[in-house]
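Read through the structure below, which is laid out as structure tokens, and then see the notes.
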Amino acid sequence: MSDKSYLEWPFFEERHRKLEAELDAWARDNVTAEHGDLDSACRELVAKLGAAGWLRYSVGGTAYGGAHETIDTRSICLLRETLARHSSLADFAFAMQGLGSGAVTLYGNDEQKRRYLTRVARGEALPAFALSEPGSGSDVAAMACSARLDGDHYVLEGEKSWISNGGIADFYVVFARTGEAPGARGLSAFIVDADTPGLEIAERIEVIAPHPLARLRFTDCRVPRSAMLGTPGLGFKVAMQTLDIFRTSVAAASLGFARHALDEALRRATTRDMFQQKLADFQITQVKLAQMATSVDSSALLTYRAAWRRDQGHKVTREAAMAKMTATESAQQVIDAAVQIWGGCGVVSNHPVERLYREIRALRIYEGATEVQQLIIARQTLKAYEEG
Ligand code: COS
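So the mapping is simple: the numbering used here equals the position in the sequence shown, first residue as 1, plus 3.
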């Protein structure tokens, strides 16, 4: 049984503790780490999560099916942490409903929210967030995909890569260069339905821990002006503000993986006989367990600080970056230690710790690699110093 004492921390309210307990019980009965065909498994998970009401937390606005008027960051973090403890694909399915539609929650008008968020919250539509490109991942402002105004339409040309839910999404939030100014100030965001002529799935990408992922190609892809989110030139800020919410939730998912790994390590260490004692009796094992437990708690403190501060109405670019960097990097170490404690069994395909070892890796890269988080933290720290 995972340590739940963190729920007593002052970041949480009674409703958060209730949410975590109900979700944990639901996840035990409804999700498993094993799955068959990836695309159908994801669609089924989204439908299940929607029917059970959990996706209401992934969107903001009660008029559009949301659980709250704005996204409650602590709730989505608790949801991701708990789901990630049970199944990485269930966490992925939940996370994408939020990340993919986050820009609509933040910048959509009433018509856009009614049309898209309502279905996302019920699990009836799958969204995707299309920001990265083959030639621009970390450097968002260098993107090449363009959107040219032609009468009442924008015409999209270019490619997007590493798009999670690519190939199974019902709509994509696409960022493209509209050219109001150079660099970051000349980008805009659009909602593009998956069946729009000119949008094709150029390639499905297989990765170390499989989830639906694709490269998209836009060729003379026409979307109405009304598909724009916010105003022309606002795209970079739309993307960054969306990431400010969901980067914290990536930290929470890493925390779920790390807690699972620690539980597995404790199970092994307390039952495995070695040299006439249990593995846990060796101080060398205890050092590992101490480091693992401390890493889990320090990641949890940073994660829920960022979530709590955002829910208090503060800008959390710095806090979210610290949480994502620390939680993903330390989860990798915690999981590696769990593999070591499990010995040969830990590297057998599909053993829980072997799976975790593969599942954590991408989290140190997507939604801003560790190096991008370091850049953000350093810039914010220098800025605060210079401003006195
Ligand atoms: N919220 C609101 N506005 C923000 C912001 C945020 N979190 N971050 C930056 N901005 C604003 C800046 O204030 C600046 O505005 P002005 O032009 O009005 O001054 C503008 O956006 C440009 O910001 P900046 O100069 O910091 O942009 P850079 O091009 O230097 O890029 C990084 C900044 C590297 C942080 C950004 O490109 C990034 O996050 N890259 C990683 C992208 C990523 O996560 N990719 C994964 C895709 S999802 S799987």
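Glycine included, every Cβ here is placed at the ideal spot set by N, Cα and C.
Inset, instruction - Give the range of the beta strand (DSSP E) segment to which Tyr157 is assigned. - result: Here residue 157 refers to the residue found at position 154 when the sequence shown is read from its first residue. Start and end: His156 to Ser167.
Legend entry - Pairwise C-alpha distance: Phe285 and Pro130: Your numbering for residue 130 matches position 127 in the sequence shown. Your numbering for residue 285 matches position 282 in the sequence shown. Going by the C-alpha atoms only, they are around 49 Å apart.
Inset, instruction - Could you say which of Tyr388, Arg308, Leu216 and Ala323 lies nearest to Trp12 if we only look at CA atoms? - result: Position 9 of the sequence shown, counted from the first residue, corresponds to residue 12. Nearest option by C-alpha distance: Arg308.
Inset, instruction - Decide if Met328 is buried, meaning its Cβ has at least 16 other Cβ atoms within 10 Å, or exposed. - result: Taking the sequence shown and counting its residues from 1, one reaches residue 328 at position 325. Met328 is buried by the Cβ-count criterion.
Inset, instruction - Kindly list the residues whose CB is nearer than 8 Å to the CB of Glu357, restricted to its own chain and excluding five residues on each side of it in sequence; keep chain order. - result: Here residue 357 refers to the residue found at position 354 of the sequence shown. These residues qualify, in order along the chain: Val342, Gly349, Val350 and Val351.
Legend entry - Helix, strand or coil at Leu237 [DSSP, three-state]: In the sequence shown, residue 237 corresponds to position 234, counting from 1. Three-state DSSP puts Leu237 in coil, outside helix and strand.
Legend entry - Cβ pair Ile211, Arg364 closer than 7 Å: To locate residue 211, count along the sequence shown from 1; it is residue 208. To locate residue 364, count along the sequence shown from 1; it is residue 361. Yes, the pair counts as a contact, with Cβ atoms nearer than the cut-off.
Legend entry - Terminal residues of the beta strand (DSSP E) in which Arg220 lies: Along the sequence shown, read from residue 1 onward, the residue named residue 220 stands at position 217. Its beta strand (DSSP E) spans residues Leu216 to Pro227.
Inset, instruction - Indicate the three-state DSSP secondary structure (helix, strand or coil) for Tyr369 in the structure shown. - result: The sequence position of residue 369 within the sequence shown is 366, counting from 1. Coil, per DSSP.
Inset, instruction - Grab me the residues of Ala128's own chain with a C-beta within less than 6 Å of its C-beta, minus the 5 sequence neighbours each way, in chain order. - result: For the purposes of this step, residue 128 is identified with residue 125 of the sequence shown, where counting begins at 1. Excluding residues within five positions, the ones whose Cβ falls inside 6 Å are Arg122 and Asp173.
Inset, instruction - Hey, could you find the ends of the alpha helix (DSSP H) Val351 is sitting in? - result: The residue given as residue 351 occupies position 348 in the sequence shown. Careful: Val351 lies outside any alpha helix (DSSP H) and carries neither H nor E.
Inset, instruction - Would you kindly report the start and end of the unbroken alpha helix (DSSP H) that includes Tyr360? - result: Locating residue 360 in the sequence shown gives position 357, counting from the first residue. From DSSP, the alpha helix (DSSP H) with Tyr360 extends over Pro355 to Glu362.
Inset, instruction - Given a cut-off of 7 Å, decide if Ala106 and Ala192 are closer than it, judged by their beta-carbon atoms. - result: Mapped onto the sequence shown, residue 192 falls at position 189. Mapped onto the sequence shown, residue 106 falls at position 103. It is a contact, given that the beta carbons lie within the stated cut-off.
Inset, instruction - Give me the Cα-Cα distance between Ala55 and Glu23, rounded to the nearest whole angstrom. - result: To locate residue 55, count along the sequence shown from 1; it is residue 52. To locate residue 23, count along the sequence shown from 1; it is residue 20. Going by the C-alpha atoms only, they are around 14 Å apart.
Legend entry - Arg88 classed as buried or exposed, judged by whether at least 16 other C-beta atoms fall within 10 angstroms: Counting from one through the sequence shown, the residue named residue 88 turns up at place 85. The residue in question, Arg88, is buried, as its Cβ has 16 or more Cβ neighbours within 10 Å.
Inset, instruction - Determine contact between the stretch 107-116 and the stretch 239-250, defined as no fewer than three beta-carbon pairs at a distance below 8 Å. - result: yes
Inset, instruction - Check Ile287 in the structure and name its three-state DSSP category. - result: Residue mapping note: residue 287 aligns to position 284 of the sequence shown, counting from 1. Ile287 falls in the helix class under three-state DSSP.
Legend entry - Near the ligand COS: Ser91 beta-carbon under 6 Å from a heavy atom: Your numbering for residue 91 matches position 88 in the sequence shown. Incorrect: Ser91 has no Cβ contact closer than 6 Å to the ligand COS.
Legend entry - Terminal residues of the beta strand (DSSP E) in which Leu22 lies: Counting from one through the sequence shown, the residue named residue 22 turns up at place 19. Segment Glu17 to Asn33 is the alpha helix (DSSP H) holding Leu22; no beta strand (DSSP E) there.
Inset, instruction - Determine whether the Cβ of Ala184 lies closer than 7 Å to any Cβ atom of chain D. - result: Structure shown: chain D not included; a single protein chain is present.
Inset, instruction - Throw me the rounded Cβ distance for the Leu58 and Gln100 pair, which I believe falls under 8 Å. - result: Walking along the sequence shown from the start, residue 58 turns up at place 55. Walking along the sequence shown from the start, residue 100 turns up at place 97. At roughly 5 Å, the Cβ-Cβ gap stays under 8 Å, so Leu58 and Gln100 are in contact.
Legend entry - Neighbour-count burial assignment, Asp75, 16 or more Cβ in a 10 Å radius: As a working note, residue 75 is residue 72 in the sequence shown. The residue is buried, with at least 16 neighbouring Cβ atoms inside 10 Å.
Inset, instruction - State the Cα-Cα distance for the pair Ser298 and Met325, rounded to the nearest angstrom. - result: Reading the sequence shown from its first residue, position 295 is the one you call residue 298. Reading the sequence shown from its first residue, position 322 is the one you call residue 325. Near 14 Å, if we compare the C-alpha coordinates of Met325 and Ser298.
Inset, instruction - Report yes or no: do three or more beta-carbon pairs, one from the stretch 213-229 and one from the stretch 157-166, lie closer than 8 Å? - result: yes
Inset, instruction - Starting from Val210, trace the alpha helix (DSSP H) both ways and give me its first and last residue. - result: Residue numbering aside, residue 210 sits at position 207 when the sequence shown is read from its first letter. Note, Val210: premise wrong, no alpha helix (DSSP H); not H, not E.
Inset, instruction - Using three-state DSSP, classify His71 as helix, strand or coil. - result: Along the sequence shown, read from residue 1 onward, the residue named residue 71 stands at position 68. Here His71 sits in strand by DSSP.
Inset, instruction - Verify whether the separation of the beta carbon atoms of Gly53 and Val62 is less than 7 Å. - result: Walking along the sequence shown from the start, residue 53 turns up at place 50. Walking along the sequence shown from the start, residue 62 turns up at place 59. Taking 7 Å as the Cβ cut-off, Gly53 and Val62 do not qualify as a contacting pair.
Legend entry - Segment contact flag, the stretch 267-284 with the stretch 368-382, C-beta cutoff 8 Å, min 3 pairs: no
Inset, instruction - Check whether the stretch 80-99 touches the stretch 41-53, counting contact only when three or more Cβ pairs, one atom from each stretch, lie closer than 8 Å. - result: yes
Inset, instruction - Counting only the same chain and skipping the five closest in sequence on each side, list residues whose C-beta sits under 8 Å from that of Phe14. - result: Your numbering for residue 14 matches position 11 in the sequence shown. Excluding sequence neighbours, Phe14 sits near Arg77, Tyr307, Arg308, Ala310 and Trp311.
Inset, instruction - Taking the CB atoms as reference points, tell me whether Tyr60 and Leu82 lie closer together than 7 Å. - result: By 1-based counting over the sequence shown, the position of residue 60 is 57. By 1-based counting over the sequence shown, the position of residue 82 is 79. A contact, by the Cβ cut-off of 7 Å.
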